[in-house]
Structures are given as structure tokens and as C-alpha cells.
Amino acid sequence: MLEVVNLACVRGDRPLFSDLSFALKPGELLHVVGANGTGKTTLLRTLCGLTRQAAGEIRWRGAETRALGDEFRNELAYVGHLNGIQGELTPAENLRAAAGLAGAADPERIDAALETVRLSPYRGFPAKILSQGQKRRLALARLVLLRKPLWILDEPFSALDVASVTLMTQALTGHLADGGMVVLTSHQDFEVEIKNVTYVRLDA
Amino acid sequence: MTSPSLLAATANVLRRDLTVAWRRSADVLTPLVFFAIVTSLFPLGVGPEPSLLRTLAPGVLWVAALLSVMLALNRMFANDYADGTLELLALSPHPLSLLVLSKVAAHWVLTGLPLVLISPLLAVQLNLPSEAMGALLLSLLLGTPVLSLIGAVGAALTLGLRGGGVLVSLLVLPLYTPVLIFGAGSVAQAAAGAEIEAYISLLAAFLALTLTFAPWAAAAALRVSLD
Numbered sequence: 018m019l020e021v022v023n024l025a026c027v028r029g030d031r032p033l034f035s036d037l038s039f040a041l042k043p044g045e046l047l048h049v050v051g052a053n054g055t056g057k058t059t060l061l062r063t064l065c066g067l068t069r070q071a072a073g074e075i076r077w078r079g080a081e082t083r084a085l086g087d088e089f090r091n092e093l094a095y096v097g098h099l100n101g102i103q104g105e106l107t108p109a110e111n112l113r114a115a116a117g118l119a120g121a122a123d124p125e126r127i128d129a130a131l132e133t134v135r136l137s138p139y140r141g142f143p144a145k146i147l148s149q150g151q152k153r154r155l156a157l158a159r160l161v162l163l164r165k166p167l168w169i170l171d172e173p174f175s176a177l178d179v180a181s182v183t184l185m186t187q188a189l190t191g192h193l194a195d196g197g198m199v200v201l202t203s204h205q206d207f208e209v210e211i212k213n214v215t216y217v218r219l220d221a
Numbered sequence: 364m365t366s367p368s369l370l371a372a373t374a375n376v377l378r379r380d381l382t383v384a385w386r387r388s389a390d391v392l393t394p395l396v397f398f399a400i401v402t403s404l405f406p407l408g409v410g411p412e413p414s415l416l417r418t419l420a421p422g423v424l425w426v427a428a429l430l431s432v433m434l435a436l437n438r439m440f441a442n443d444y445a446d447g448t449l450e451l452l453a454l455s456p457h458p459l460s461l462l463v464l465s466k467v468a469a470h471w472v473l474t475g476l477p478l479v480l481i482s483p484l485l486a487v488q489l490n491l492p493s494e495a496m497g498a499l500l501l502s503l504l505l506g507t508p509v510l511s512l513i514g515a516v517g518a519a520l521t522l523g524l525r526g527g528g529v530l531v532s533l534l535v536l537p538l539y540t541p542v543l544i545f546g547a548g549s550v551a552q553a554a555a556g557a558e559i560e561a562y563i564s565l566l567a568a569f570l571a572l573t574l575t576f577a578p579w580a581a582a583a584a585l586r587v588s589l590d
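Taken in order, these protein sequences are the chains called A and B. Our numbering numbers the first residue of the first sequence as 18 and each following residue consecutively. Our numbering numbers the first residue of the second sequence as 364 and each following residue consecutively.
What follows is the structure, encoded as C-alpha cells:
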């Protein structure tokens, strides 16, 4: 489904990696590993289409993602370093805004998504009062809510406590069992109960 | 998976921006208070001579409106950029230019429209003849959206740069001059009792032109800024 062929990325004038190729099929998780500064975030942003690659191709269902444009973005959910949460809005409003952008979701689903990440008690408060970890959970609630086939997650477990990491890995496992795909980076240990984990190692 | 509706998405962006601004009302009031203060400074600075103020009024009102709109330009994308919401916009399955258009619309409702509404009050203070009130309202109503649209391109280009606020003024002010000339010109003509149709038509043409090109240019600039 997702195919990367001879990808090369350059940040500023510095080449990060080149000739990177991998493929991801439904139900598979791709774990991008590498030291700080080796281009993990750049790789994920390039896969989304936020950053342009220097060379190589990214294909989704056989077609180049840039050519697919909106069609590709409709099947993609991205959680980057920034949570994409507006402090003035409540958690429920934040999710409603994200749902409105990415595709309609009914109100019950929003409540269910908040329940999944255990933020229901905070649904009426402005999101700026949430802690770092709670904001992260709210960002991850978008994934549960939107049900896109491809998840691209940059350090999804940062700032999360042990219970929340477990919660998220359960969500990941469920998503993969449903035939979803995940590309993620993480320095934290986590356990996913599937065998289809592939690793891509980026070297300095 | 339900297919997302474009109309719902743009309405959603507009509503969200208005809600956020409502809860951060200081941001909305600042340009408006700035507009009122700048126009009020002129009678104090140049003296309260009614005929002099009447001559100055169209220019003063238009320049003050232009600077107030510019004051609020940074806000258009900066917060969304800082909290990552802009990435979500860029990754949504809708044309970014149309989402940008709804952000510009929200910006205009929060800055341009209030300016238009209080301008008659400030015009009285500057002794603008009542025949010119209609021209003032109409020219600002057509001109301030143009200012927001051109400003969006500048704001998108300078996003994430240090000292972006100054840079955006340098980028945008030269492009504002035609709007200023024909906007203030129409009010001056109306005050002199002349026909203003040509001026208003030109302002409307500017609006049509910027409505067509500015959202597209701003969206392209945003994608560059996010890279």
C-alpha cells in the first residue's frame, strides 16, 4: 500500500538519508529508529507531504502521493511533535474541529474518543488547562475518532504515563488488527501484540 | 469512511476561528482601539480647524484603517502555526486555498468589519460631510477585505521568521497603496460632491482580483513555510 522507493531527504544543505526504500502493507507497523538528528521527523513529514523529498518516490496504492493529493490526505492521520490543539477550545471542540476538517464524525463518536483517552472529565474545560500528557492524549484521540487507514506518528508516547502508553498501544494493536497501517518513531519501549513490526534504521 | 464535505470544512474553520477569537477578545479589540486612537490623534495634532480636518478626513480614516488591519495580520496564521493546527489544515483532504479563504474571512469579520462599523462615528469627529458617509462605508466595505486578502499572502510568507511583523509591513504596504488611493479618493470625491462610481468599481475589481488569486498564493506560501 505505502511504498517508498529510493527516497532521499536534505535539510538545509545537509543530506539526511538517501536511497531509502521500504514498503508497508495493511496490518503492518513500521518503526523508524535512529539517533537524534538522523532525519526521523523529516522522513515522517516527507511521507505526509509536508516536506518535499530531494529524490525518490512515495507511492500510495501504487500512485505517487503528490499526484494523489487530497485523495491521499483523506486516508492519512498525522500526529507530529505539535499537538494541533487550540488552548481556547475545549477538548470536545478541538476534536469536532479536527473531525470537520478531516471528514464528518457524529457527536457520540467524539464522546467515545474522549472516553478512550480518559479525558471525558475535562470535556468542558479549555484545553490550555490540560497537562502536557493530557494534551498528547487529546491529539491521539483524533486517531481514534477519524479512523484513517494510515497513521503517521512522531514520538506518540512522549509525555505519556505508563497507563496511557498501554492505552495507546491497545489502540495501535486494534488499528493494525483492522488492517490499518502505522509508521512511527519512538524512543520509548512499547509492546504491540503483533508480529508485523518492521524496522527502518536511519544512520547519522 | 464518510467522504468529507468541503463546505462543512470551510464553515468549520470559520466557526473555530471566530470561537477562538471570541475567547481571546483582547486580540479583537486591539486593532479597533488603535483605529479609534490614531484617528483621534489627528485633531489634537493638526488643530481643530474644521475645514482642515474635513480635507484630511478621507486620508486619515483610510490610512488608520489600513494600519489597523496590518496590526492584526500576524495573528492570522501565527497561533495556528505555533500549536500545530496549521499542519492539520495542510494535511486535510481539502484544497488549502479554500481553507485559507475561510481563515481570511474570519480575520475580516474580526478586524475589517468592526472598523467599517465604527468609521462613521470617527468620521463625524473629523468633520467629514454627511454626503461622504455612504462613500466611506462602501469604500471600506469593499477595501478592507482586499487588505485582509493581500495581508494573508504577506502573513503566510513571513510565518515562522524572526521579526516577521516588520517584514510583513514591508511586503504588504506597497501592495496596499492602490487600495488606499482609490479608497480615500472615493471619499474625497464624495465630500466634494462628485461622482464616485469609477472609484467604487475599481475597488470592487481589486476585491474580485484578490479573491481569485490571494487565497491560492497564501496557500502556496503556507506550504513553503511549513516545509
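Each residue gets a CB set at the ideal place from its N, CA and C atoms; glycine is no exception.
Between residue i and residue j, is the Cβ-Cβ spacing less than 8 Å?
| i | j | result |
| --- | --- | --- |
| Leu449(B) | Leu570(B) | no |
| Ala372(B) | Gly117(A) | yes |
| Ala399(B) | Ile481(B) | yes |
| Leu459(B) | Leu451(B) | no |
| Ile102(A) | Asp446(B) | yes |
| Gly519(B) | His470(B) | Reading off the sequence, residue 519(B) comes out as Ala, not Gly. Their beta carbons are not under 8 Å apart, which means Ala519(B) does not touch His470(B) by this criterion. |
| Arg154(A) | Leu189(A) | no |
| Ser532(B) | Met433(B) | yes |
| Gly422(B) | Ala515(B) | no |
| Pro108(A) | Arg159(A) | no |
| Val472(B) | Thr507(B) | no |
| Pro456(B) | Ala84(A) | no |
| Leu419(B) | Leu489(B) | yes |
| Leu100(A) | Lys152(A) | It should be noted that the sequence gives Asn, not Leu, for residue 100(A). Yes. Within cutoff. |
| Leu424(B) | Leu485(B) | yes |
| Ala40(A) | Leu64(A) | no |
| Ala156(A) | Asn375(B) | no |
| Gly526(B) | Asn437(B) | no |
Find the nearest neighbour of residue i within the set the options, judged by alpha-carbon distance.
| i | options | result |
| --- | --- | --- |
| Val96(A) | Ala435(B), Ala441(B), Asn437(B) and Leu454(B) | Leu454(B) |
| Leu162(A) | Ser181(A), Pro173(A), Asp87(A) and Glu125(A) | Glu125(A) |
| Ile563(B) | Trp425(B), Ser502(B) and Met496(B) | Ser502(B) |
| Asn442(B) | Leu160(A), Arg159(A), Asn23(A) and Glu105(A) | Glu105(A) |
| Arg417(B) | Leu369(B), Ala551(B) and Arg387(B) | Ala551(B) |
| Phe545(B) | Ala567(B), Ile400(B), Ala577(B) and Glu412(B) | Ala567(B) |
| Pro537(B) | Val376(B), Pro411(B), Leu430(B) and Ala389(B) | Leu430(B) |
| Val214(A) | His48(A), Asn91(A) and Phe39(A) | His48(A) |
| Glu560(B) | Ala445(B), Leu499(B) and Tyr444(B) | Leu499(B) |
| Leu404(B) | Ala555(B), Ser388(B), Arg387(B) and Ala427(B) | Ala427(B) |
| Val21(A) | Leu112(A), Glu172(A) and Ser35(A) | Ser35(A) |
| Ala71(A) | Leu60(A), Arg135(A) and Trp77(A) | Leu60(A) |
| Leu512(B) | Thr573(B), Trp425(B) and Pro406(B) | Thr573(B) |
| Leu377(B) | Val535(B), Ala582(B), Leu505(B) and Val463(B) | Val463(B) |
| Arg218(A) | Thr202(A), Glu172(A) and Gly29(A) | Thr202(A) |
| Glu172(A) | Arg69(A), Glu92(A), Ile127(A) and Asn53(A) | Asn53(A) |
| Val587(B) | Leu37(A), Glu45(A) and Arg69(A) | Arg69(A) |
| Arg31(A) | Val179(A), Gly56(A), Gly66(A) and Phe142(A) | Gly56(A) |
| Ser465(B) | Ser388(B), Gly408(B) and Pro578(B) | Pro578(B) |
| Thr575(B) | Met496(B), Pro413(B) and Val509(B) | Val509(B) |
| Leu395(B) | Pro477(B), Tyr444(B) and Glu558(B) | Pro477(B) |
| Trp168(A) | Glu208(A), Leu93(A), Leu37(A) and Phe89(A) | Leu93(A) |
| Ala389(B) | Pro541(B), Ala580(B), Thr474(B) and Val409(B) | Thr474(B) |
Buried or exposed: where does residue i fall if 16 or more other Cβ atoms within 10 Å of its Cβ makes it buried?
| i | result |
| --- | --- |
| Trp385(B) | exposed |
| Lys42(A) | exposed |
| Ser366(B) | No answer about Ser366(B) holds up, because its pLDDT of 47 lies below 50 and its placement is not dependable. |
| Tyr539(B) | buried |
| Tyr216(A) | exposed |
| Ile75(A) | buried |
| Ala146(A) | The sequence given here has Ile at residue 146(A), not Ala. Classification for Ile146(A): exposed. |
| Val224(A) | Because residue 224(A) is not part of the residues shown, which for chain A are 18 to 221, the question remains open. |
| Gly197(A) | buried |
| Ser493(B) | exposed |
| Ala468(B) | buried |
| Phe440(B) | buried |
| Glu110(A) | buried |
| Asn23(A) | exposed |
| Phe89(A) | buried |
Can you determine whether any heavy atom of the ligand GTP sits closer than 7 Å to the C-beta of residue i, and answer yes or no?
| i | result |
| --- | --- |
| His470(B) | In terms of ligand content, the structure shown is empty, and the ligand GTP therefore cannot be addressed. |
Chain B contacts from the stretch 64-75 of chain A (Cβ-Cβ distance under 7 Å) = The stretch 64-75 of chain A vs chain B, Cβ under 7 Å: Cys65, Leu67, Thr68 and Arg69.
ask   = Can you list the beta strand (DSSP E) stretches of 3 or more residues lying completely in the stretch 79-165 of chain A, in chain order?
value = 93-96
query = For the stretch 367-381 of chain B, which residues have a beta carbon sitting closer than 9 Å to at least one beta carbon of chain A?
reply = Pro367, Ser368, Ala371, Ala372, Ala374, Asn375, Val376, Arg378 and Arg379
Segments assigned beta strand (DSSP E), at least 3 residues, entirely inside the stretch 392-445 of chain B = none
query = Looking at chain A, which residues of the stretch 452-472 of chain B have a Cβ within less than 9 Å of any of its Cβ atoms?
reply = Leu452, Ala453, Leu454, Ser455, Pro456, His457, Pro458 and Leu462
task = Quick one: which residues of the stretch 406-426 of chain B get their C-beta closer than 8 Å to a C-beta of chain A? List them in chain order.
result = none
Short-range partners of chain B found in the stretch 77-94 of chain A, where Cβ spacing is below 7 Å = Taking a C-beta cut-off of 7 Å against chain B, the contacting residues of the stretch 77-94 of chain A are Asp87, Arg90, Asn91 and Leu93, listed in chain order.
task = Using a Cβ-Cβ cut-off of less than 8 Å, give me the residues of the stretch 141-153 of chain A that come near chain B, in sequence order.
result = Pro143
message = List, from N- to C-terminal side, the alpha helix (DSSP H) runs of 4 residues or more that fit wholly inside the stretch 494-573 of chain B.
response = 496-520 and 527-554
ask   = Of the residues that make up the stretch 522-548 of chain B, which ones have a beta carbon closer than 7 Å to any beta carbon in chain A?
value = Listed by position, the residues of the stretch 522-548 of chain B near chain A (Cβ gap below 7 Å) amount to none.
Ranges of the beta strand (DSSP E) found wholly within the stretch 453-493 of chain B, counting only runs of at least 3 = Runs of the beta strand (DSSP E) inside the stretch 453-493 of chain B: none found.
Cβ-based contacts, 7 Å cut-off: residues of the stretch 429-450 of chain B near chain A = Residues of the stretch 429-450 of chain B with a Cβ closer than 7 Å to any Cβ of chain A, in chain order: Asp446, Gly447, Thr448 and Glu450.
message = Under 8 Å, CB to CB, which of the residues in the stretch 95-112 of chain A have a partner in chain B?
response = Tyr95, Gly97, His98, Leu99, Asn100, Gly101, Ile102, Gln103, Gly104, Glu105, Leu106 and Glu110
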